[in-house]
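Letter by letter, the sequence shown follows residues 1 to 73 in full-length UniProt numbering. Where is the CB? At the ideal position from N, CA and C, for every residue including glycine. Report on the structure given below.
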Amino acid sequence: MESKGKRMTRQEAADYIGVCSGTLANWASTGRVQIPFYKAGLSKVLYYKSDLDAYIESTRRLQAPPRRKKATE
């Protein structure tokens, strides 16, 4: 089995992607955002850095070109 890299707690993962830990908890419970997580015991939740990196990459957007101004007569 290949290693998925560094494991992070919910708080560390939230800090890494720039959201509150409560937001990650909500995403996990509602399925609104699909970031894989792993339960370790009754209350500990772990995230792999590689999964967080994949989420960050999936939200990446290219900047749209500037809009052209309409020609005035």
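Quick one: what's R61 bridged to in DSSP? As a working mapping, residue 61 is identified with position 61 in the sequence shown. Looking at the DSSP output, R61 shares a beta bridge with no other residue.
Just verifying my parser: in three-state terms, what is the DSSP assignment at K39? Counting from 1 along the sequence shown, the entry for residue 39 is found at position 39. Taken through DSSP and simplified to helix, strand or coil, K39 comes out as strand.
Residue range of the unbroken beta strand (DSSP E) whose run includes R32: Here residue 32 refers to the residue found at position 32 of the sequence shown. It is not in any beta strand (DSSP E) - R32 carries neither H nor E in the DSSP assignment.
Coarse secondary structure for R10, derived from DSSP in three states: The residue you call residue 10 lines up with position 10 of the sequence shown. In the structure shown, R10 sits in a helix (DSSP, three-state: H, G or I).
Per DSSP, which residues does L46 bridge with? Please list them. Here residue 46 corresponds to residue number 46 of the sequence shown, with the count starting at 1. The partner list for L46 (beta bridge, DSSP) reads T9, Y38.
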